[in-house]
Structures are given as C-alpha cells and as structure tokens.
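Written below as structure tokens is the structure these notes are about.
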Amino acid sequence: MTNKEISHLLRNVAVAYLLKDENKYRFQIIAYQKAADAIDLSPREVKDLWKEGKLLTINAIGPKIAEYLEELLVKGKVSHFEKLMKDIPKTLFELLSVPGIGPKKAYKLVKILKINKEGTAIEKVKNAAEKNKISKIEGFGEKSQSDILINIQSFKKGQIKENRMVLPFAYEISKDIISYLKIIPEVIVAESLGSLRRMASTIGDIDIAVSTLNNNKVIEHFCNYPKKERLLEKGETTASFILTNGKQVDLMVQSPKSFGALLQHFTGSKQHNIALREYALKQKMSLSEYGIKINNNSLVSPKSLLNKQNYNSKTKIYEFENEKDFYNALKLQWIPPELREDKGEIEASAKNKLPNLVSIKDIKGDLHLHSNYNLEPSHDLGQNSMQEMLEKAENLNYQYIAVSEHSPSVGNHTKKEIIDILKRRKDYIEQINYSHEKNKKNTVKKIFNSMEVDILINGEISIPNEGIDQLDYYIVSIHSGFNMQKEEITKRILHGLENEKAKILGHPTGRLLGKREGYEADWLKIFNYCAKNNKAIEISAYPDRLDLPDYLVKEAINNNVKLVINTDSHDVNQMNMMFYGVSVGRRGWAKVSDIINTLSYNNFIEWIKK
DNA sequence: GCCGTTTTCGGCCCGACTGTTTTCAGTCG
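Okay, so the first sequence: first residue is 368 according to the working numbering, each after it adds one.
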C-alpha cells in the first residue's frame, strides 16, 4: 500500500467524522487531516517505517492511528474505519476530487441523486447537471450547477493540482505575470511567494503578492491578464484564475504597512504557518496576513515585543512592513523561506540556532560540465567547447571548473582505444590550462580533468585502470539498470565508489521530476561510507533532477557527508542553473562548510588528495 | 486523536470568497 493510498484513506476517515458530527469530532477531523498531510509529505514509505517499528516518528501520528495503520498493513482494512464509513456511500468520495465539491455537497448529491454504483459518481453528477437536476436541489442553484460542469471538465482534462511544474517553468510564468502587474503604477511591489519562494523542487500553483494602496485597481488589472483562461474568484484582497496551460494563479494584495505579514503568510508552507501560529498562540498572540493580534488577558506585555508605532488602533493589530520584524516580534530569528517546512526551523530559530545557509556567492566552481570534446561517449556530449565553458566560468567569477564528459562507450571501444582517447584528452586540457594561466587577470586557475563514469550493472566502472590514471579524479553515476533491489543497488554504488579517484557520486537517486522516481538505496549505509572515505555526494542543480533531494541532503549532513553542488551543464547557459542546486542545499539546511565547491582553489586540491 | 518552553490534561491556525441565503454554510489555501 502506497503513502498516497494511505493518506487518501485517512482523509476519507476525516470526511466520515465530519459527516457524522462535525462539532463532536472537530479535533479528530483535524488529527486525521494532519496525519494525512504528514504522510503525503513523508519521504519514506509508511510501510517501511512500520516494518522498522518507526511509525511514531512521523509527527501527527500517535498511538491510535499507528495502531490502525498496523491493522491496515496486516489485514488490508481497519475495522474501526469500516464501521465509521458503514453508512456513507463509497461513491461520495469519488466526488471529492472535483474542485468546489466538499463533503457536505458530495453527501447531498449522492443521496438525492441516488448514486450507489461505484465508479460512476462523477459521470452521474455530470449527467444530472446537464439535465438541470442539480439546480433544483436545496443549497444548489443555477450557478453552482454550471460551476460543477466546468470543474468536472477541467478535472477530466487532467488539470489537477498533482500535475506540478519544475522550477524554471514556474519562474517563467510568474515573471511574466509580475512584469504585467508592474505596468500599472498602483503596484508598489509584486513578488512571487508560496512554494516558488521556498524553492520547493516542484511547484503546484503560482502565488503572487502585491503591495498597494489601491486594491481594486490592482485586482481589476490582475483579472485582465491576457493569458487567463477563466476566473475562479475575485474579492477585495484576493483573486485567482486558471491560465490557458491549466495552471492556477493566486493573488493577494495588501497595504505596504502590512506587507511583511502578507509575505510571511503567503510564503507558507501551510505546515510552517500552522506551527508558527500555534507557537504564537502560546504567547497569547494571534497571527494572520494582517499582522499580530494580542489576545485578551495576555500574559505577555505587548511593549516588550511589539513596537507601539506599528499599532493600528482601528483593527487592534500590530502591522509589519517587513518580514524580519514580524518574526522578531515573536522573539524569533527571521527564517529563510527554504527552511519553512515545519522541520524544526521554528525551534531552532527560537534558540538562535538557525544554520548559516550556503548561498550562491559562496560557490567557487562547477565540477560537472559536459563540453563538446568528442571522446565518443556512452551518452550525450555537450554543445560548447572547453574554452567557451572556461570563459563562462570567468564570468561567474569561479576559481576552478572540471570538465566531466561521459566516459567513452564500452560497447564501441577496446580498452586500449579508451585509454588512448583519455590520453589525448588529457594533453588537450593541459594545453588549455597552459595558455589560460598566462593571463594573470583570469580568476579561474584551472580546468580539472574529470569524467562522468558509469557504474555498470555489476558495479564495475566503465573505464580501465590505466584510463583512470589520466584523470585528476572522477564522478561516478548510474545511467542504466534502475530497477534493482535496494540492497543490490546499494552494493553497486559502494563498489563504484571504491577507487580512490572516485570522489563524487553524481545525481545519486537518478530521479527525474514528474517522470521517474529515484531508486531506493540504503542511504544511511552510503552516507556512512562517504563520510568515512571522503567521497562527496552531488546535488544536481539540473531542474529536472534536483538530486540529491532536499530531505536526503539534510540526512547526509547529519551524517557528516560532504556535498558538491553541480549543474551537469551541457551548454554554457545551463551553467547559470547553479542557483537551483544551491536552493536544494539550503532546503537541506546546508552550510558553507558542508559544500565542497565552496572551498578555495588550494583547499579543493587538498580535498581531492584526501 | 495528537502533543508538550507552562500543560500527561487541556488545548487545538486564520481568514477569503461564493452562492444561496436573508445572516451563513461550504470550500479553499
């Protein structure tokens, strides 16, 4: 049973409680929803955690739900859940995936339309709407009937939240909307927030915040965006539409005086905001996108935390122009957006112990570059010459780079041919370095002679020992045989890293966002090996990969593993993508000292030799 | 049903928008 199936079941349990007695079961409903959220966000399979006896390590899962999950995984069902859902038609749950239909409406629809046959609910509701039957039902009307039809249509087209975007795609969309918004002078500031600001690996919808003194004007302008397909809602402070490509865009506007509170609110994550508000509540403060409210009979003297000048006596809210003051008012350090996932950042911030995160300016080199030097490789060559990549590295102010084309294909070459190719390439790189060194103004001191070497199915690497002698060091990565058992693939990776010149494990999980899951490996074992033997694990900045994933970055760091952030560029423009990889590092709580390519040129040479 | 700066009991985030209503319920983020 997958995490998705389990969380779906728990959400249905929450729905069942809600339909049974919303007030009586208020907190059970929340508990089940929180548990479902936690499972959705869990990087580990619930099934595995259960086998390891670690179900309770998931926050929001306590003894009771753990017991039910155990029953579920053993018997395939839970008698308590079955009993709870006995009176609720199963068809009801099918309707919940249609936007705008929640538990109450779904219940009415299945009851009144007598929808009993599983798998037919959405189609039956659609038919009923087309025959004008829904508008007659109490609580529904003409508008909600036509809305249901539209929403069923877009649901069928696959325009659902689960279809997430990779970062550059989301960036382009948001950039376009923001520059459109800025056409009118009423827009003082426009920023993209939500998961894009937090630099999550994939983005569901685009969230935009605007600071303005004229809400109406801004919202009107936003709603006239030319690439809008249809409007979802339009109010005094928010508006939403669907783009022609099916993606949703949400806008929130706020006066400059409270813009800091809005930034905080709209950046999320949902989990971070809930945790932050609960934290504030303990100090008798209530948070919203408008600011901070002091609750009655507060034990805390407002003066100690909040600046009187920010007090709006009309709304009784303390307002914040910037986010830092907002967090500071809660006696917290400002928390970088990448950390806002309720993964311990609030606690760390309260103790002044947030990590000093690595940033793009700390990066001194890119160690995974594919030039167009033709060594008849196993996989694709790059588009640009080594010289062009060197020039780009100068522009980026790097101190060093490494070219690391794919190793020559084993199928088409003899061992001797491979060695000859690598010898010629070594001479070539030396020549470039020689002429580059002459210009003392250059910041790049050297191109390192590296290579991306395949770890073959049997764990052997794809170049012979004499070929290795031609290299400064190399990256190993897996490009085939992804469907191996966990133990096998772990062994394969460790074997691939054995040689002392194998210094980096490239795009370690092999995932391709939205296309291919990464393979399961025993990461703890790999981390321990790497920490002990001075191997670095790559964070691929390539936006379709972002691999190592952020949660494994955090685990790697906790196990003293060094990481390296590389772009895996196949042309010079891709070298600009370093930023995405740095963000993954930041989301994994990486400091400068955790990242190898923040080392100076001399220290990096020392590291290679270790 | 979960969880812990003070709490193993007594709390549980906060607000916007829409449609169907005549003041609010339902849904969403």
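Note that beta-carbon positions come from the ideal geometry of N, C-alpha and C, so glycine has one too. Every value quoted in this text rests on a predicted model; they were computed, and no experiment measured them.
- Counting the other Cβ atoms within 10 Å of the Cβ of Pro-430 gives fewer than 16, which makes it exposed.
- In the structure shown, the three-state DSSP call for His-746 is coil.
- Counting only the Cα atoms, Gly-848 lies some 31 Å from Met-753.
- Considering only Glu-372, Lys-484, Lys-471 and Lys-523, the residue with the shortest C-alpha distance to Phe-507 is Lys-471.
- The three-state reading of DSSP puts Leu-618 in strand, counting E and B together.
- A residue is called buried once 16 or more other Cβ atoms fall within 10 Å of its Cβ, and Ser-716 is buried on that count.
- The beta carbons of Tyr-840 and Lys-812 sit about 16 Å from each other, so the pair does not count as a contact at 8 Å.
- A residue is called buried when at least 16 other Cβ atoms come within 10 angstroms of its Cβ; Phe-394 does not meet this threshold and is exposed.
- Pairing Leu-919 with Gly-952 gives a Cβ-Cβ distance that is not under 9 Å.
- Distance from the CA of Pro-703 to the CA of Ala-696, rounded to the nearest whole angstrom, comes to 16 Å.
- With fewer than 16 other beta carbons inside 10 angstroms of its own, Thr-611 counts as exposed.
- When secondary structure is reduced to three states using DSSP, Pro-466 falls in the coil class, being assigned neither helix nor strand.
- Taking the CA atoms as reference points, Asn-816 sits about 12 Å from His-737.
- Inclusion of Ile-963 and Lys-929 in the CB contact set at 9 Å is warranted, their separation being smaller than that value.
- Taking the CA atoms as reference points, Val-556 sits about 28 Å from Asn-723.
- For the pair Ile-828 and Asp-836, the CB atoms are not nearer than the 9 Å cut-off.
- Ile-814 is a Cβ neighbour of Ile-799, given a cutoff of 9 Å.
- Asp-733 is a Cβ neighbour of Ser-936, given a cutoff of 9 Å.
- Around the beta carbon of Asn-640, 16 or more other beta carbons lie within 10 angstroms, which makes this residue buried.
- Leaving aside the five residues that flank Ala-381 on each side, the residues in its chain whose CB is nearer than 6 Å to its CB run, in chain order, Ile-396, Tyr-399 and Gln-400.
- Secondary structure in the region 606 to 664: the beta strand (DSSP E) runs of 3 residues or longer, each lying completely within the stretch, are 615 to 621, 652 to 655 and 658 to 661 in chain order.
- If you compare the alpha carbons of Lys-624, Ala-403 and Lys-478 with that of Glu-505, the shortest gap goes to Lys-478.
- Taken through DSSP and simplified to helix, strand or coil, Phe-815 comes out as strand.
- Look at Gly-834 here: in three-state DSSP terms it is helix.
- Restricting attention to Leu-440, Asn-591 and Leu-618, the CA atom closest to the CA of Thr-579 is found in Leu-618.
- For Asn-933, the enclosing beta strand (DSSP E) starts and ends at 929 to 933.
- Rounded to the nearest whole angstrom, the CA to CA distance from Lys-391 to Arg-378 is 17 Å.
- In this chain, Arg-707 is not harboured by any alpha helix (DSSP H), its DSSP state being neither H nor E.
- DSSP, read as helix, strand or coil, puts Arg-411 in coil.
- Distances from the CA of Thr-876 to each of Gly-863, Arg-912, Lys-892 and Lys-899 were compared; the closest alpha carbon is that of Arg-912.
- Secondary structure within the region 906 to 960: the beta strand (DSSP E) runs of 3 or more consecutive residues, fully enclosed, are 929 to 933 (chain order).
- The alpha helix (DSSP H) runs of length 4 or more contained entirely in the region 569 to 608 are, from start to end of the chain, 582 to 590.
- Taking a contact to require three or more Cβ pairs closer than 8 Å, the region 541 to 554 and the region 631 to 649 do not qualify as touching.
- According to the DSSP assignment, Glu-539 belongs to the alpha helix (DSSP H) that extends over 534 to 548.
- By the C-beta density criterion, Arg-597 is exposed, having fewer than 16 other C-beta atoms within 10 angstroms.
- Per DSSP, Val-445 lies in no beta strand (DSSP E) segment and is marked neither H nor E.
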